[in-house]
Amino acid sequence: MNKWQRRTAEYTVGLFVVILVYSVGYDYGMGAFEGRRISFLHSLQVVVETFTTTGFGSDAPWESWQMNVMVIVMDLTGVFLIFLALPTLVFPLFEEALSTAAPTSVDLVGHVVIAGYTPRGEALIHELEAREIPYVVVEPDRDRAADIYESKTRVVHGDPESVETYEDAVSLEDAQALVADVDDATNASVALTATQVADTPVITFVEDPGMTEYHELAGAVEVFSPRQLVGESLATKVTSGVSSDLDDAIEIGDGFDVVELPVQSNSELDGARVADSGIREQTGANIVGAWFRGEFVSPPSPDALIDEQTILLVAGREEQLEDLKRLTRSEQRRRRRGHVVVAGLGVVGTTVERAIDESGLGLPQVTVDTDPVKGADVTGDVTDVDVLREAGIEGAGTVILSLPNDTVTVFATLVVRELSPDVEIVARAESQESVRKLYRAGADYVLSLGTVSGRMLASTILDEEVITFDQQVELIRSAPGDIAGRTLRDADVRARTGCTIVAVERGGTLVSDLGPEFRLETGDELVVAGTDDDIVTFAELVGDEG
Numbered sequence: 033m034n035k036w037q038r039r040t041a042e043y044t045v046g047l048f049v050v051i052l053v054y055s056v057g058y059d060y061g062m063g064a065f066e067g068r069r070i071s072f073l074h075s076l077q078v079v080v081e082t083f084t085t086t087g088f089g090s091d092a093p094w095e096s097w098q099m100n101v102m103v104i105v106m107d108l109t110g111v112f113l114i115f116l117a118l119p120t121l122v123f124p125l126f127e128e129a130l131s132t133a134a135p136t137s138v139d140l141v142g143h144v145v146i147a148g149y150t151p152r153g154e155a156l157i158h159e160l161e162a163r164e165i166p167y168v169v170v171e172p173d174r175d176r177a178a179d180i181y182e183s184k185t186r187v188v189h190g191d192p193e194s195v196e197t198y199e200d201a202v203s204l205e206d207a208q209a210l211v212a213d214v215d216d217a218t219n220a221s222v223a224l225t226a227t228q229v230a231d232t233p234v235i236t237f238v239e240d241p242g243m244t245e246y247h248e249l250a251g252a253v254e255v256f257s258p259r260q261l262v263g264e265s266l267a268t269k270v271t272s273g274v275s276s277d278l279d280d281a282i283e284i285g286d287g288f289d290v291v292e293l294p295v296q297s298n299s300e301l302d303g304a305r306v307a308d309s310g311i312r313e314q315t316g317a318n319i320v321g322a323w324f325r326g327e328f329v330s331p332p333s334p335d336a337l338i339d340e341q342t343i344l345l346v347a348g349r350e351e352q353l354e355d356l357k358r359l360t361r362s363e364q365r366r367r368r369r370g371h372v373v374v375a376g377l378g379v380v381g382t383t384v385e386r387a388i389d390e391s392g393l394g395l396p397q398v399t400v401d402t403d404p405v406k407g408a409d410v411t412g413d414v415t416d417v418d419v420l421r422e423a424g425i426e427g428a429g430t431v432i433l434s435l436p437n438d439t440v441t442v443f444a445t446l447v448v449r450e451l452s453p454d455v456e457i458v459a460r461a462e463s464q465e466s467v468r469k470l471y472r473a474g475a476d477y478v479l480s481l482g483t484v485s486g487r488m489l490a491s492t493i494l495d496e497e498v499i500t501f502d503q504q505v506e507l508i509r510s511a512p513g514d515i516a517g518r519t520l521r522d523a524d525v526r527a528r529t530g531c532t533i534v535a536v537e538r539g540g541t542l543v544s545d546l547g548p549e550f551r552l553e554t555g556d557e558l559v560v561a562g563t564d565d566d567i568v569t570f571a572e573l574v575g576d577e578g
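Counting in the numbering used here, the sequence shown runs without a single skipped number right up to 578 at its last residue.
So this is what it looks like as structure tokens:
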């Protein structure tokens, strides 16, 4: 029963009770004050006539003041009930009739069913649409389903825990996968329901990693905990910033790595143009691309300015990358090895706290949370200047913002940067749209939960060989497909897709020194770097064979 139907039922019951009370009162009053005995049915008729303003029949006029007062009250009650019915029943009825309702079923084959609609679901939908793979979202709330439908997203209004939804509404037995993305308990219920209907693989998300076992028992073939992965990645950014080791490097093979290196303020590279940086000459490493204030460019222009809000994506041998890392680090930051402030003790924040403790670097931490039950060192709002000062923001080396609301995270970044211009700010974003805002607000490194989740799903559903989920740039392995037989100059992958071929594995040997005349061959395995959107474009370029 929806809201309008519930209101109608309540109004009808209330109206019936009011009419019954007035009918009894009128029947009594006519006998007691007017001296006329009438039937109860006649009293009911008079009350209905009064409420509907159609007249009073033969009873008027009344001689007693009591009955005249009663009739006046009945008149006012009738008018009140009519005006009450307009905004409560009539107007919503017209709105519902004129609004666009979401469908209750679709006819699809080879599609992906998504139970729930979240930012990570949106990221998956983007990937599916780019590959022309059909999908459908199941949304239990009628109004929200209508809003999703009006945004041109394929959706059905249905209960994600109902057998009928998967049998009749979304044809689960014809789908290639089901993604459950509601909450931990509902996702387990969805998995149980879905496995009862069909053998379609079920993928679920968990906020609490401890729930993984129960989701697997419910029938999920894959259970993802992206918040834990994001927390571990953010912690690695902090520990690698203190240590000279390349803890967060991605090994491609044969000692060849790819790594993201944030450029620190007052480092040797801060303020240099790419052409004048001497990175290639001093270290031998190659710049694959760079993030400039949240926007990825590959390759960066020789005139592009490297500053404290630049993150370099570089490839090379371990010793080359270690030399380059020294150029990106600031002596001022290295001397300022203050404590780490962890703001927000949800799954991400507690994972960060634990990972830093387990790093063995002995970094002192101060935790901040609004909930006193979580046992933070400082209880309060991280956007409050007094709370930040109590956490020792002026002496902190790094602030990790693991807050569940992107708007609050952006504001907190502004406040922290104003209070401590030299502190390193590492932030988690809920959606990809907030990443650039956070960089503009002053964050040094941002990782989007939606991006990580989307890559996890893409690697499972789309059979992409994703090398890493928790970097700002996606790294995949791919066959050359339709560009086999061409040189890198002819293929022109960077110009056509925005991606960079970092290395090529051929016959068990990794080739990293790739010139423009290097020819791609069938059987090669390409290591490709790019943004999520660029990787989709690359997949289209190499075709189905890739």
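Ideal Cβ placement from N, Cα and C applies to all residues, glycine included.
Quick caveat: nothing in here was measured; it's all calculated off a predicted structure.
Which runs of the alpha helix (DSSP H) at least 4 residues long sit entirely within the region 221 to 283? Give them in chain order.
244 to 250, 258 to 274
Excluding the 5 residues preceding and the 5 following residue 219 in the sequence, name in chain order all residues of the same chain whose CB lies nearer than 6 Å to its CB.
The residue labelled residue 219 in the question sits at position 187 within the sequence shown. So the qualifying residues of the chain are 212, 236.
Where does residue 232 land, buried or exposed, given buried means 16+ other C-beta within 10 angstroms?
Taking the sequence shown and counting its residues from 1, the one referred to as residue 232 is at position 200. Burial call: buried.
Might you give, ordered along the chain, the residues of its own chain that have their beta carbon closer than 6 Å to the beta carbon of residue 561, omitting 5 neighbours on each side?
Position 529 of the sequence shown, counted from the first residue, corresponds to residue 561. Cβ within range, chain order: 320, 505, 507, 532, 534.
If residue 317 and residue 352 are in contact, beta carbons under 8 Å, what's the gap, nearest whole angstrom?
In the sequence shown, residue 317 corresponds to position 285, counting from 1. In the sequence shown, residue 352 corresponds to position 320, counting from 1. Contact holds; Cβ gap of about 4 Å.
If you run the structure through DSSP and keep just helix, strand and coil, what is residue 104?
By 1-based counting over the sequence shown, the position of residue 104 is 72. Secondary structure of residue 104 (DSSP, three-state): helix.
Proximal residues to residue 362 (C-beta, below 8 Å), its chain only, five neighbours per side dropped
Within the sequence shown, residue 362 is the residue found at index 330, counting from 1. Cβ neighbours of residue 362 beyond the five flanking positions: 296, 297, 298, 299, 302.
Residue from 248, 244, 249 whose Cα sits closest to the Cα of residue 257
Position 225 of the sequence shown, counted from the first residue, corresponds to residue 257. Taking only the C-alpha atoms, the option nearest residue 257 is 244.
So what's residue 562 in DSSP terms, helix, strand or just coil?
Here the question's residue 562 lines up with position 530 in the sequence shown. Looking at residue 562 - three-state DSSP - the assignment turns out to be strand.
Inter-residue spacing [alpha-carbon to alpha-carbon] between residue 262 and residue 164:
Translated into the one-based positions of the sequence shown, residue 262 becomes position 230. Translated into the one-based positions of the sequence shown, residue 164 becomes position 132. Rounded to the nearest angstrom, the two C-alpha atoms are 29 Å apart.
So, is residue 421 buried or exposed, given that buried needs 16 or more other C-beta atoms within 10 angstroms?
For the purposes of this step, residue 421 is taken as residue 389 along the sequence shown, with counting starting at 1. It counts as exposed.
Are residue 113 and residue 83 touching if we call contact CB-CB under 8 Å?
Counted from its first residue, the sequence shown places residue 113 at position 81. Counted from its first residue, the sequence shown places residue 83 at position 51. Inclusion of residue 113 and residue 83 in the CB contact set at 8 Å is warranted, their separation being smaller than that value.
Taking Cβ to Cβ, would you say residue 155 is nearer than 8 Å to residue 222?
Taking the sequence shown and counting its residues from 1, the one referred to as residue 155 is at position 123. Taking the sequence shown and counting its residues from 1, the one referred to as residue 222 is at position 190. No. Outside cutoff.
How long is the line joining the alpha carbons of residue 279 and residue 189, rounded to whole angstroms?
Counted from its first residue, the sequence shown places residue 279 at position 247. Counted from its first residue, the sequence shown places residue 189 at position 157. Note on residue 279: pLDDT 49, under 50, position unreliable in the model; no value is reported.
Let me know the beta strand (DSSP E) ranges lying completely inside the region 353 to 427, each 3 residues or longer, listed in chain order.
372 to 375, 397 to 401
Neighbourhood of residue 492 by C-beta distance below 7 Å, restricted to the same chain and skipping five residues each side:
Your numbering for residue 492 matches position 460 in the sequence shown. The residues are 235, 254.
Distance, Cα to Cα, residue 538 vs residue 556?
Start at 1 with the first residue of the sequence shown, and residue 538 comes out as number 506. Start at 1 with the first residue of the sequence shown, and residue 556 comes out as number 524. Taking the straight line from one Cα to the other gives about 5 Å.
Touch test, the region 345 to 360 against the region 409 to 428, Cβ-Cβ under 8 Å, three pairs minimum:
no
For residue 348, which beta-bridge partners are listed by DSSP?
The sequence position of residue 348 within the sequence shown is 316, counting from 1. DSSP lists 289 as partners of residue 348.
Starting from residue 507 and walking both ways along the beta strand (DSSP E), at which residues does that stretch end?
By one-based count along the sequence shown, residue 507 stands at place 475. Residues 506 to 510.
Any idea if residue 217 is buried or exposed, counting beta-carbon neighbours within 10 angstroms, 16 or more meaning buried?
Position 185 of the sequence shown, counted from the first residue, corresponds to residue 217. Residue 217 comes out exposed.
Close Cβ partners of residue 185 (< 7 Å) along its chain, the five nearest in sequence each way excluded:
To locate residue 185, count along the sequence shown from 1; it is residue 153. Within the same chain, residue 185 has close Cβ partners 157, 169.
Tell me which residue opens and which closes the beta strand (DSSP E) that residue 75 is part of.
Position 43 of the sequence shown, counted from the first residue, corresponds to residue 75. Run containing residue 75: none in the beta strand (DSSP E); it sits in the alpha helix (DSSP H), 72 to 83.
Apart from the five residues on each side of it in sequence, which residues of its chain come closer than 8 Å, Cβ to Cβ, to residue 224?
For the purposes of this step, residue 224 is taken as residue 192 along the sequence shown, with counting starting at 1. Shown here for residue 224: same chain residues with a beta carbon closer than 8 Å to its own, the five before and five after excluded, namely 250, 251 in chain order.
What does DSSP give as the partner residue(s) for residue 324 in the beta ladder?
In the sequence shown, counting from the first residue as 1, residue 324 sits at position 292. Answer is 327, 342, bridged to residue 324.
Would you verify that the beta carbon of residue 447 is, or is not, closer than 8 Å to some beta carbon of chain B?
Of the protein chains in this structure there is only one, and it is not chain B.
What number of angstroms, rounded off, separates the C-alpha of residue 526 from the C-alpha of residue 408?
Numbered from its first residue, the sequence shown carries residue 526 at position 494. Numbered from its first residue, the sequence shown carries residue 408 at position 376. For residue 526 and residue 408, the distance between alpha carbons rounds to 47 Å.
Comparing C-alpha positions only, which one of 265, 393, 57, 550 sits nearest to residue 521?
Against the sequence shown, residue 521 aligns to sequence position 489. Comparing Cα-Cα distances from residue 521 to each of 265, 393, 57, 550, the minimum goes to 550.
Indicate the three-state DSSP secondary structure (helix, strand or coil) for residue 526 in the structure shown.
For this step, residue 526 is matched to residue 494 along the sequence shown. Reduced to three states, the DSSP call for residue 526 is helix.
Determine the contact status of residue 370 and residue 427, defining contact as a CB-CB distance below 8 Å.
Taking the first residue of the sequence shown as 1, we reach residue 370 at position 338. Taking the first residue of the sequence shown as 1, we reach residue 427 at position 395. Going by C-beta atoms, residue 370 is nearer than 8 Å to residue 427.
Hey, residue 433 and residue 473: beta-carbon distance below 8 Å or not?
What you label residue 433 is simply residue 401 of the sequence shown in a count that begins at 1. What you label residue 473 is simply residue 441 of the sequence shown in a count that begins at 1. Their beta carbons are not under 8 Å apart, which means residue 433 does not touch residue 473 by this criterion.
Where residue 219 falls: helix, strand or coil (DSSP)
Within the sequence shown, residue 219 is the residue found at index 187, counting from 1. Of the three classes helix, strand and coil, the one that applies to residue 219 here is helix, per DSSP.
If we call anything under 8 Å between Cβ atoms a contact, is residue 226 one with residue 246?
Against the sequence shown, residue 226 aligns to sequence position 194. Against the sequence shown, residue 246 aligns to sequence position 214. The answer is no: Cβ separation not under 8 Å.
Considering only the beta carbon of each residue, do residue 381 and residue 398 sit closer than 8 Å?
Here residue 381 is taken as the residue at index 349 of the sequence shown, counted from 1. Here residue 398 is taken as the residue at index 366 of the sequence shown, counted from 1. For residue 381 and residue 398, no; Cβs fall outside 8 Å.
How many Å lie between residue 59 and residue 46 at the Cα?
Translated into positions along the sequence shown, residue 59 becomes position 27. Translated into positions along the sequence shown, residue 46 becomes position 14. Rounded to whole angstroms, residue 59 to residue 46 spans 20 Å at the Cα level.
Distance, residue 242 Cα to residue 150 Cα:
For this step, residue 150 is matched to residue 118 along the sequence shown. For this step, residue 242 is matched to residue 210 along the sequence shown. Between residue 150 and residue 242, the C-alpha separation is close to 22 Å.
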